[in-house]
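A short worksheet on the structure shown next.
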Amino acid sequence: MTTRPNLDTLTPELIERGLRALQQAQTPPPQLLELALAGGSASAAEKSLILQDWFDEMTIHALNYQRRAEGLEQPDAPPPTRAAALTALAADFCSGNPDLEGWSALYHRYLAPLSFEAGDLALAAHVVPQQFRRRLKRGLSHLAHALREAEMDARRQACSPPGSHIPAPDYAHLFGVQEHTQRLARQLTDPNGPRFISLEGLGGIGKTALARAVAQRQIEQDGLTDVLWVSARQEWFSDRGEIIPLNNPARSLEDVAARMAAQLGLQKLTGLPASDKLARIQPILSATPYLAVIDNLETLRDTESLLPALHPLAGDTRFLLTSRYTLSGFPYVHIFPVPQLSASAARALLESEMARRGFRSAIPPPAIERLYALIGGLPLALKLVAAQVRCFALADIIADLQRAQRRTQDALYTFIYRRTWSALADSARHLLLALLPLDPDGEDRAFIQTMSGLTEADFALALAQLLDYSLLEAVDPLGAPRYNLHRLTATFLRTDVLHQWTA
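Numbering (the numbering used here), first residue to last: 25 to 527.
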């Protein structure tokens, strides 16, 4: 087993020794070759190339970032002549920005395609050699810091077992999905099967749960290299009842590319444009069996450009998407409509949820039939009814549902949330409204309490009530619990509560 060097040994002096060796086509110091960032089983020559690429990309990215901040030109390619390179260096040193000068000194001394002596660079920068050396040491210090961070990320990634990116389940048991899971597994492992599968259906119908079940099955039974999981949950519900994607550049093709690169351990790509990230990812995914899941894809603002950009990545890798809106316009996407649960599966889910909540009485079959006729086999709606049965008479729940039966499914969900809202304590209502800006991946208890502004006693009561009513979900409750709102809970809060009930 390779012994990784202590991060404290990744000093500017070691970095400079490595850069000199690479510049002279020699092997870098062993401490650099033993980095997780350099690749686990690669040869010394391959590791040297990986390190060279990382140093180049990190330095050029930082240099262009500083040039952009100063309004200077950021060329797409290195200067073609020695004179042009020295002119660019002089412009960097005229900015008065010591960080820019540091990165520029580092790049031109060790990484530029054209080789320069330190004295020539100092002369072009209009500084004495001692001052140029100080700027070079500043650049080396920045690069050493970036290397330590990247190495820490690479080690963390190497310690993650396959499937670690699959989110924790937000259900106790799944009902009525075994046939769908098996069918999808066959399609994903068929050499001639579709490279892209889109799970489609209404919100709350179980698309994410099905995607998770399929991903978990694949990683356990079919020997995938790993599962990549990107959550794109970000939506706004307008006054007209429409779900409108937020115009947020961070929730875009750029964000998808960044998360995929990070999960592949390619932190060195940070800061590159999405097109460059995807170009670097493409050889890995097209030749190595991964399953890439993009959940709630319809909320991304650039779906039309996202799928064509991802298409070249598919080969041995397959993509599993979830979306409320159909992707049938893309000829290479296979559509899998997620059906509602059958009456028997819906009953099993309802009874399981009630038993989990400590409610042991069975619901009479006629009542189950009436509920199914009003709600259908929508898992989220069934879970919410199970939460209400403990507090309300079943006849009252059914009567209230009947008065809303002509509305759309989204309006039906809104009505169910509204009934629950009326039973919430003021502190629980306050907390629920405060949770709207939650990160898609959830937040921990301390963060949520701070954000809510509630006292410890009020917060504990409110949190328990929201969990009891299925308005808040806990991920990994036995480990390090993180809490998040279901997508439709966020929709509910953005419609009736915020726009009608407060009027």
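Yeah, the Cβ is synthetic: ideal placement off N, Cα and C, and Gly gets one too.
key: Test item: CB-CB of SER222 and LEU351 under 8 angstroms   = Working through the sequence shown from its first residue, we reach residue 222 at position 198. Working through the sequence shown from its first residue, we reach residue 351 at position 327. Yes, these two residues count as a Cβ contact at 8 angstroms.
| field | The beta strand (DSSP E) enclosing GLU224, as first and last residue numbers | value | Along the sequence shown, one-based indexing puts residue 224 at 200. Run containing GLU224: 220-224, per the beta strand (DSSP E) assignment.
Exercise. Tell me the start and end of each unbroken alpha helix (DSSP H) in the stretch 84-122 that is at least 4 residues and wholly inside, in chain order.
Key: 106-117
For ALA129, is the classification buried or exposed, using 16 other Cβ atoms within 10 angstroms of its Cβ as the cut-off for buried?
-> On the sequence shown, position 105 is the one that residue 129 refers to. By the neighbour-count rule (16 or more Cβ atoms within 10 Å), ALA129 is buried.
Based on Cα-Cα distance, which residue from GLU94, GLY400, ALA391, GLU375 lies nearest to SER366? By 1-based counting over the sequence shown, the position of residue 366 is 342. Among GLU94, GLY400, ALA391, GLU375, the Cα nearest to that of SER366 belongs to GLY400.
For VAL413 and HIS318, believed in contact at Cβ under 8 angstroms, the rounded distance: Stepping through the sequence shown from its first residue, residue 318 is reached at position 294. Stepping through the sequence shown from its first residue, residue 413 is reached at position 389. Note on identity: in this sequence residue 318 is Ile, with His being the wrong assignment. Not a contact, Cβ separation roughly 36 angstroms.
Extent of the continuous alpha helix (DSSP H) to which THR603 belongs | As displayed, the chain neither begins before 25 nor continues past 527, which places residue 603 out of reach and without an answer.
Rounded to whole angstroms, what is the Cα-Cα separation between THR205 and PHE199? Position 181 of the sequence shown holds residue 205. Position 175 of the sequence shown holds residue 199. Roughly 11 angstroms separates the two Cα atoms.
Checklist entry - From which residue to which residue does the beta strand (DSSP E) around ALA192 run? => result Here residue 192 is taken as the residue at index 168 of the sequence shown, counted from 1. Run containing ALA192: none; DSSP gives neither H nor E here.
### Message
Going by beta-carbon coordinates alone, are LEU252 and VAL201 separated by less than 8 angstroms?
### Response
Position 228 of the sequence shown, counted from the start, is the residue given in the question as residue 252. Position 177 of the sequence shown, counted from the start, is the residue given in the question as residue 201. Contact flag unset, no.
Using a Cβ-based criterion (distance less than 7 angstroms to any ligand heavy atom), does LEU330 qualify as near the ligand MN? For the structure depicted, the ligand MN is absent and the ligand set is empty, with no information on it obtainable.
(message) Quick check on DSSP: helix, strand or coil for HIS150?
(response) Within the sequence shown, residue 150 is the residue found at index 126, counting from 1. DSSP places HIS150 in coil when its eight states are reduced to three.
Distance between ARG348 and LEU487 (C-alpha atoms, nearest Å):
Taking the sequence shown and counting its residues from 1, one reaches residue 487 at position 463. Taking the sequence shown and counting its residues from 1, one reaches residue 348 at position 324. Near 29 angstroms, if we compare the C-alpha coordinates of ARG348 and LEU487.
Assuming ILE550 and PRO186 make a contact with CB atoms under 8 angstroms, what is their CB distance in whole Å?
An answer regarding residue 550 cannot be provided, because it is not within the stretch 25 to 527 covered by the chain.
- Grab me the residues of PRO153's own chain with a C-beta within less than 7 angstroms of its C-beta, minus the 5 sequence neighbours each way, in chain order. For this step, residue 153 is matched to residue 129 along the sequence shown. If we look at PRO153 and ignore the five residues flanking it on each side, its Cβ neighbours are ALA142, GLY143, ALA146.
Legend entry - Beta-carbon spacing of GLN211, TYR134 below 8 angstroms: Locating residue 211 in the sequence shown gives position 187, where the first residue counts as 1. Locating residue 134 in the sequence shown gives position 110, where the first residue counts as 1. Against a cut-off of 8 angstroms, the Cβ pair of TYR134 and GLN211 comes out as no contact.
- Do the CB positions of PRO104 and ALA112 come within less than 8 angstroms of each other? By 1-based counting over the sequence shown, the position of residue 104 is 80. By 1-based counting over the sequence shown, the position of residue 112 is 88. No, the Cβ-Cβ distance between PRO104 and ALA112 is not below 8 angstroms.
- Item | Rounded C-alpha distance that separates ASN216 from PRO461 | In the sequence shown, residue 216 corresponds to position 192, counting from 1. In the sequence shown, residue 461 corresponds to position 437, counting from 1. Approximately 42 angstroms between the Cα atoms of the pair.
Worksheet entry | ASP32 - DSSP class collapsed to helix/strand/coil | Translated into the one-based positions of the sequence shown, residue 32 becomes position 8. If DSSP states are grouped into helix, strand and coil, ASP32 belongs with the helices.
CA-CA distance, PHE439 and GLU377? The residue you call residue 439 lines up with position 415 of the sequence shown. The residue you call residue 377 lines up with position 353 of the sequence shown. At PHE439, the pLDDT of 44 sits below 50, so the modelled position is not reliable and the matter cannot be decided from this model.
Review point. Can you give the beta carbon distance from GLY228 to PRO363, rounded, assuming they're within the 8 angstroms contact cut?
Key: Position 204 of the sequence shown holds residue 228. Position 339 of the sequence shown holds residue 363. The Cβ separation is near 13 angstroms, so there is no contact.
Check for me: the alpha helix (DSSP H) holding PRO332 runs from which residue to which?
Along the sequence shown, read from residue 1 onward, the residue named residue 332 stands at position 308. Counting along the chain, the alpha helix (DSSP H) containing PRO332 begins and ends at 327-334.
query = Apart from the five residues on each side of it in sequence, which residues of its chain come closer than 6 angstroms, Cβ to Cβ, to THR27?
reply = The residue labelled residue 27 in the question sits at position 3 within the sequence shown. Excluding sequence neighbours, THR27 sits near nothing in its chain.
When you compare the CB positions of LEU171 and LEU34, do they come within less than 8 angstroms of one another, or not?
Your numbering for residue 171 matches position 147 in the sequence shown. Your numbering for residue 34 matches position 10 in the sequence shown. The answer is yes: Cβ separation under 8 angstroms.
Just to confirm my understanding: we take GLU40, look at its own chain, exclude 5 residues before and 5 after, and list those with CB closer than 7 angstroms. What are they? One-based indexing of the sequence shown puts residue 40 at position 16. Result list for GLU40: LEU164, in chain order.
- prompt: Which same chain residues, not among the five before or five after LEU309, have their C-beta less than 6 angstroms away from its C-beta?
  reply: Looking up residue 309 in the sequence shown gives position 285. Correct list, in chain order: LEU337, THR341.
Quiz item: Under a Cβ-count criterion, where at least 16 other Cβ atoms within 10 Å of its own Cβ denotes burial, should GLN429 be classed as buried or exposed?
Solution: Taking the first residue of the sequence shown as position 1, residue 429 is located at position 405. With a pLDDT of 43 at GLN429, under the threshold of 50, the modelled position of that residue is not reliable, and no figure is offered here.
Which same chain residues, not among the five before or five after ARG394, have their C-beta less than 6 angstroms away from its C-beta? Start at 1 with the first residue of the sequence shown, and residue 394 comes out as number 370. Answer for ARG394: ILE422, listed in chain order.
Residue from ALA379, TYR507, ARG469 with nearest C-alpha to ALA196:
Numbered from 1 along the sequence shown, position 172 holds the residue referred to as residue 196. If we check each option's Cα against that of ALA196, ALA379 comes out closest.
Near GLU3, which residues of its chain fall below 6 angstroms by C-beta distance, leaving aside the five closest residues on each side in sequence?
No information on residue 3 is available, as it lies outside the stretch 25 to 527 that the chain covers here.
query = Going along the chain, which residues of its own chain have a beta-carbon closer than 6 angstroms to the beta-carbon of ALA148, five neighbours each way excluded?
reply = In the sequence shown, counting from the first residue as 1, residue 148 sits at position 124. Excluding positions up to five away in sequence, the list reads LEU110, LEU113, ALA114.
**Report entry** Helix, strand or coil at LEU348 according to DSSP, with G and I counted as helix
**Finding:** For the purposes of this step, residue 348 is identified with residue 324 of the sequence shown, where counting begins at 1. Sequence check: residue 348 is Arg here, not Leu. Of the three classes helix, strand and coil, the one that applies to ARG348 here is coil, per DSSP.
* Asked: Excluding sequence positions up to five away, which residues of its chain have a Cβ less than 7 angstroms from the Cβ of ALA447?
  -> Counted from its first residue, the sequence shown places residue 447 at position 423. Excluding residues within five positions, the ones whose Cβ falls inside 7 angstroms are CYS415.
- request: Check whether the Cβ atoms of MET475 and ALA458 sit closer than 8 angstroms, and answer yes or no.
  value: For this step, residue 475 is matched to residue 451 along the sequence shown. For this step, residue 458 is matched to residue 434 along the sequence shown. In this structure, ALA458 lies closer than 8 angstroms to MET475 by Cβ.
*Tell me where the beta strand (DSSP E) around HIS358 begins and ends.*
For the purposes of this step, residue 358 is taken as the residue at position 334 of the sequence shown. First-last of the beta strand (DSSP E) with HIS358: 357-361.
### Message
Let's see if you can read the secondary structure: which residues bound the alpha helix (DSSP H) around LEU315?
### Response
As a position in the sequence shown, residue 315 is number 291, starting the count at 1. First-last for LEU315: 314-319, but that is the beta strand (DSSP E), not the alpha helix (DSSP H).
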